[in-house]
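The structure appears below as structure tokens.
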Amino acid sequence: MGYFKDIFVGGLSLIEGMGVTVRRLFQPLVTVQYPRQKIPLSSAYRGHIELKVFEESGTHKCIVCLNCEKTCPSGVIRVQGEKQKEKGPKTLTNYVIDFSKCSLCGLCVEICPTSTLVYSKEYELVGETGADCQIDLMARLATQVEKTREEKKTQEIAA
Ligand code: SF4
Ligand code: SF4
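As structure tokens, then:
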């Protein structure tokens, strides 16, 4: 008797499972085929920090005040600048973060007097060593500036 009961319960559970599968077939998809498909990120998403490119100048507005470096509780920011003229302001020459220790607390973004620090939308970072987590924001900025220029050119051609 127990044998037939097991077959009955097993069959019932199979039908229930198939019912769920068939029902899902006719419902809208809630998954995407990553990485071929990507969904828009929330505006609240925090990737590692980056230097913002301002439209009017086509570059960042960092004044090398070092507020971010001094404020970072994890001590992961290294900023360097150089004076072009003896009495002039410093120009940013190097901005590197160690993202492996960044807690994304946002203090650097808040303290920046020129609002030139923002969160990137980066979420596909991979690395095998600590060195892979050293992010050179100046190099990243150069790529962004080039990308913005290309996008502008494409928009102008399309208009
Ligand atoms: S988000 Fe916080 S931990 Fe990360 S670099 Fe900025 S101040 Fe440092
Ligand atoms: S706080 Fe802003 S302006 Fe000052 S060094 Fe950092 S990024 Fe540059």
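Going by the numbering used here, the sequence shown wraps up at 159, each residue one higher than the last. Even glycine gets a Cβ: it sits at the ideal position worked out from N, Cα and C.
Note to self: For ligand 2, is there any heavy atom lying closer than 7 Å to the beta carbon of residue 64?
What the structure shows: Because some heavy atom of ligand 2 lies under 7 Å away, the Cβ of residue 64 counts as near it: yes.
Next item on the list: Using the Cα positions of residue 156 and residue 150, report the straight-line distance between them to the nearest angstrom.
Entry: C-alpha separation (whole angstroms): 10 Å.
Checklist line | beta-carbon residue 73 near ligand 1 non-hydrogen atom, thresh 7 Å | finding: Under cutoff, so the answer is yes.
Checklist line | Complete runs of the beta strand (DSSP E) confined to the region 51 to 88 [at least 3 residues] | finding: Entirely contained in the region 51 to 88, the beta strand (DSSP E) runs reaching 3 residues are, in chain order, 77 to 83.
Checklist line | Coarse secondary structure for residue 126, derived from DSSP in three states | finding: DSSP places residue 126 in coil when its eight states are reduced to three.
Next item on the list: Determine, using beta carbons only, whether residue 143 and residue 61 come nearer to each other than 8 Å.
Entry: With a cutoff of 8 Å on beta-carbon distance, residue 143 and residue 61 are scored as not near each other.
Item checked: residue 31 - DSSP class collapsed to helix/strand/coil -> Three-state DSSP puts residue 31 in coil, outside helix and strand.
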